[in-house]
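Chemist:
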Amino acid sequence: MESTKPNTKEWQQTLDALESVAKGKVIAAKEVHEWLNSWGTDNELKAPTFKKDDEI
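Mapping to full-length UniProt numbering: the sequence shown position 5 is 5, numbers consecutive.
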């Protein structure tokens, strides 16, 4: 039977992500959608990243 307990690495990544969100370190949905919509095109964009200047 497969365990439902998350592995330590995945759990730590989840905790890190939640901490970032709590600090306001998020990427605008519009930027993510533009990036995803560029996949498979001749002008594929780089993945958006959080920039320190964006900090709330």
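A virtual CB, placed ideally from N, CA and C, is assigned to each residue, including glycine.
Please state the DSSP three-state secondary structure of Lys30.
Modeler: Three-state DSSP puts Lys30 in a helix.
Chemist: If you run the structure through DSSP and keep just helix, strand and coil, what is Glu44?
Modeler: Three-state result, Glu44: coil.
Chemist: Glu44 and Ser38 look like a contact to me (Cβ under 8 Å); what is the Cβ gap, rounded to whole Å?
Modeler: Correct: roughly 5 Å between the Cβ atoms.
Chemist: Report yes if the CB atom of Trp35 is closer than 8 Å to the CB atom of Ala17, and no otherwise.
Modeler: Going by C-beta atoms, Trp35 is not nearer than 8 Å to Ala17.
Chemist: In chain order, what residues of the same chain have a beta carbon less than 6 Å from the beta carbon of Trp11, not counting five sequence neighbours either side?
Modeler: So no residue of the chain qualifies.
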